[in-house]
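To convert, count from 1 in the sequence shown and add 526; that's this note's numbering.
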Amino acid sequence: MVIGYCMKCKAKREMKDAKAAKMKNGRDCVKGTCIKCGTKMFKIGKME
Numbered sequence: 527m528v529i530g531y532c533m534k535c536k537a538k539r540e541m542k543d544a545k546a547a548k549m550k551n552g553r554d555c556v557k558g559t560c561i562k563c564g565t566k567m568f569k570i571g572k573m574e
């Protein structure tokens with residue numbers, strides 16, 4: 527379970543289909559979608 531901030535809901539929510547990725551500068555990040563509204567979410571840092 528990865529928790530990120532949803533910009534549309536303006537609240538911290540759990541990510542659905544969370545996948546680990548790398549940014550252009552080489553840092554780790556996590557990409558997924560909001561469970562409630564379906565908006566794309568992004569979190570900087572490793573997948574927990």
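Glycine residues also receive a C-beta, built at the ideal position from the N, C-alpha and C atoms. These numbers come from a predicted model, not from an experiment.
Under the three-state reduction of DSSP, I561 is assigned to coil, being neither helix nor strand. Leaving aside the five residues that flank C535 on each side, the residues in its chain whose CB is nearer than 7 Å to its CB run, in chain order, C560, K562 and C563.
Note on geometry: alpha-carbon atoms of G571 and G558 lie some 13 Å from one another.
Pairing A547 with A537, the inter-Cα distance amounts to about 23 Å.
When DSSP reads this structure, D554 sits in a beta bridge with K548.
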